[in-house]
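Here is the structure we will look at, set down as structure tokens.
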Amino acid sequence: MPELLENPIGLILIVVATAAIFLYLREYNKRRKLEVESDKFLQSLKEKGWETLHQSIKKSQDILATSELEGIKVVADQRLKTEKSEEEFLNQSKQTIISAQNRLLAFMQDLQKRSAEFEEAQKATGEARINQLFDRVETQLADFLVQTAQKTTSSIELELKSTRHLIDTYKSEQLKLIDENIVAMMEQTLDIVLAKKLTLKDQLDLIYEALEKAKVDKFVV
Amino acid sequence: MNDILNTILKDTFSHTLLNHRVKLLKSNLLKTFFGGASPTLTPSDLNWLKSFPESFYRNFNKDNVYQIFSDLEQNYAKLPILTIYLAFEPDEATVANIGAFTRKTFGLPFMLDIKLDPRLIAGAALSWKGVYRDFSLRTRIEEKKEEISQSFKKFLRQ
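Going line by line, the protein sequences match chains A and B.
No gaps in the numbering here: position 138 of the first sequence is 138 in the working numbering, and each next residue is one more.
No gaps in the numbering here: position 25 of the second sequence is 1025 in the working numbering, and each next residue is one more.
See the structure below:
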């Protein structure tokens, strides 16, 4: 003990260690208590949860049952409605078909009537047109015959004119040919006769004449 | 040179005759100067050679004969040629007459080239420097064709 008094540090350490142990033990007790309370709380929570779950299951089963009942009810209603609407639709369709048939018949009758009218009108128009055409053909034929007669006459006149012209040309050509032949014959005659009849002096005289004419014409310069 | 050519041309009028006579004179002179065979001469050729006076022959000697003929040939090649077409074939004398008349008429020292054309009937046609003109009786008849034809027709109608 006197040793402890002599050494305060050891004393302090012992005091601190004792305080620490004391604090630890206190803390440990606190935690034990807290754990026990927590467990209790959790247990209560669990029980509440289970109860809630049971209640929920029960409620959902009730809802399901109600829903099924409602569903069956709705399906039954729907079937009933469908059958009813089908019947209505059939009735309406029958009426529509009957009405359409009536309309078609009426249309067909109208069409027949119109067709007959159109045929009549066409027949009348066709007859009128044919008559018109015949009239026109007659007129054109008459015109054509008149024109042909005129053309034939003018063509014959032209032919006659051309033939007359040809005859005239032929005549003048022939006369020209005869003239040329006369001159050619004359030339030949002169050639034959003069060649024999011309004396050398005559020939020379003609040559001198030719040379003098060339001089007068200044042909040789 | 010109004297020699003028002497030859005095009685030579056609181009063919000039050629012949120059060759004849040349061969005769060559024979005289250098000897050799005598050329065959016609009486006409002989007369022509004799027609030259002695003085003409004195122009030639052994030394200048070739030169003179060379110059002569060159000179006469330059002479203008008048082509005359005739309706008959003239003899030498007729050609001479025509040549003399032509030179007298035109006064030019040209050569004649005589050609035959029986279609001319009579008279002559000339060709000078590439231009031909017919002065013959045929052309005269052709010119008066219409007149003659009319007269002939009148005659036929009478």
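Ideal placement from N, C-alpha and C gives every residue a C-beta, glycine not left out.
Since we're looking at a predicted model, the values are computed, not measured.
**OP:** May I ask you to report which of helix, strand or coil DSSP gives residue 1087(B)?
**Re:** On the second sequence, position 87 is the one that residue 1087(B) refers to. In the structure shown, residue 1087(B) sits in coil (DSSP, three-state: anything other than H, G, I, E or B).
Subject >> Beta-carbon proximity check, residue 1027(B) vs residue 1092(B), cutoff 8 Å >> reply: As a position in the second sequence, residue 1027(B) is number 27, starting the count at 1. As a position in the second sequence, residue 1092(B) is number 92, starting the count at 1. No. Outside cutoff.
Original post:
Who are the near neighbours of residue 1004(B) in its chain, counting only those whose CB is closer than 8 Å to its CB and skipping five residues on each side?
Top reply: For this step, residue 1004(B) is matched to residue 4 along the second sequence. Within the same chain, Cβ atoms closer than 8 Å to the Cβ of residue 1004(B) are found at 1056, 1059, 1068, 1072, the five residues on either side in sequence being excluded.
Original post:
Hey, would you say residue 1082(B) sits closer than 8 Å to residue 193(A), going by beta carbons?
Top reply: Within the second sequence, numbered from 1, the residue matching residue 1082(B) stands at position 82. Within the first sequence, numbered from 1, the residue matching residue 193(A) stands at position 193. No, the pair does not count as a contact, with Cβ atoms beyond the cut-off.
Subject >> Burial state of residue 1015(B) (16 or more Cβ within 10 Å) >> reply: The count along the second sequence starts at 1 and reaches residue 1015(B) at position 15. Burial call: buried.
Original post:
Which residues mark the beginning and the end of the beta strand (DSSP E) in which residue 216(A) is found?
Top reply: Taking the first sequence and counting its residues from 1, one reaches residue 216(A) at position 216. Segment 200-216 is the alpha helix (DSSP H) holding residue 216(A); no beta strand (DSSP E) there.
Subject >> residue 1145(B) at chain A interface by Cβ criterion, 8 Å >> reply: Walking along the second sequence from the start, residue 1145(B) turns up at place 145. Yes, because at least one Cβ of chain A sits closer than 8 Å to the Cβ of residue 1145(B).
**OP:** Using a cut-off of 8 Å between C-beta atoms, extract the partners of residue 174(A) located in chain B.
**Re:** The residue given as residue 174(A) occupies position 174 in the first sequence. None at all; the shortest Cβ gap to chain B is about 14 Å.
Original post:
Do residue 1125(B) and residue 1133(B) have their C-beta atoms closer together than 8 Å?
Top reply: By 1-based counting over the second sequence, the position of residue 1125(B) is 125. By 1-based counting over the second sequence, the position of residue 1133(B) is 133. Their beta carbons are under 8 Å apart, which means residue 1125(B) touches residue 1133(B) by this criterion.
Original post:
For residue 1011(B), does the three-state DSSP call read helix, strand or coil?
Top reply: Within the second sequence, residue 1011(B) is the residue found at index 11, counting from 1. DSSP places residue 1011(B) outside both helix and strand once states are collapsed to three, so it counts as coil.
**OP:** Please report how far the alpha carbon of residue 204(A) lies from the alpha carbon of residue 1098(B), in whole angstroms.
**Re:** Walking along the first sequence from the start, residue 204(A) turns up at place 204. Walking along the second sequence from the start, residue 1098(B) turns up at place 98. Distance between residue 204(A) and residue 1098(B), taken at the CA atoms: about 8 Å.
Original post:
Taking 8 Å as the CB-CB limit, is residue 213(A) close to chain B?
Top reply: The residue labelled residue 213(A) in the question sits at position 213 within the first sequence. Using beta-carbon distances, residue 213(A) counts as an interface residue toward chain B, with a partner under 8 Å.
**OP:** Taking only runs that begin and end inside the segment 92-171 of chain A, name each unbroken beta strand (DSSP E) of 3 or more residues, in chain order.
**Re:** With a minimum length of 3 residues, there is no unbroken run of beta strand (DSSP E) contained wholly in the segment 92-171 of chain A.
Subject >> Where residue 221(A) sits in the DSSP three-state scheme >> reply: Reading the first sequence from its first residue, position 221 is the one you call residue 221(A). Residue state, collapsed to three classes: coil.
**OP:** Under 8 Å Cβ to Cβ from residue 1017(B), same chain only, skipping five residues before and after it: list those, please.
**Re:** Translated into the one-based positions of the second sequence, residue 1017(B) becomes position 17. Once the five neighbours on either side are set aside, the close Cβ partners of residue 1017(B) are 1092, 1095.
**OP:** With DSSP as the reference, please indicate the residues paired to residue 1111(B) in a beta bridge.
**Re:** For this step, residue 1111(B) is matched to residue 111 along the second sequence. Answer is 1081(B).
Subject >> Cut-off 7 Å between Cβ atoms - residues of its own chain near residue 1127(B), not counting five sequence neighbours on either side >> reply: Indexing the second sequence from 1 puts residue 1127(B) at position 127. So the list reads 1083, once near-sequence residues are dropped.
Original post:
What residues match up with residue 1125(B) in a beta bridge as DSSP calls it?
Top reply: Working through the second sequence from its first residue, we reach residue 1125(B) at position 125. Beta-bridge pairing links residue 1125(B) to 1085(B), 1134(B).
Original post:
On the three-state DSSP scale, how would you describe residue 1116(B)?
Top reply: Here residue 1116(B) refers to the residue found at position 116 of the second sequence. DSSP places residue 1116(B) in the strand class (E or B) of the three-state scheme.
Original post:
My guess is that residue 1121(B) and residue 212(A) are in contact by the Cβ rule of under 8 Å, so how many angstroms apart are they, rounded?
Top reply: Your numbering for residue 1121(B) matches position 121 in the second sequence. Your numbering for residue 212(A) matches position 212 in the first sequence. That pair is no contact at about 18 Å.
Original post:
If residue 1149(B) sits next to residue 182(A), beta carbons under 8 Å apart, how far is it from one beta carbon to the other, in whole angstroms?
Top reply: Numbered from its first residue, the second sequence carries residue 1149(B) at position 149. Numbered from its first residue, the first sequence carries residue 182(A) at position 182. Residue 182(A) and residue 1149(B) do touch by the CB rule: their CB atoms are close to 6 Å apart, below 8 Å.
**OP:** Using three-state DSSP, classify residue 69(A) as helix, strand or coil.
**Re:** The count along the first sequence starts at 1 and reaches residue 69(A) at position 69. Looking at residue 69(A) - three-state DSSP - the assignment turns out to be helix.
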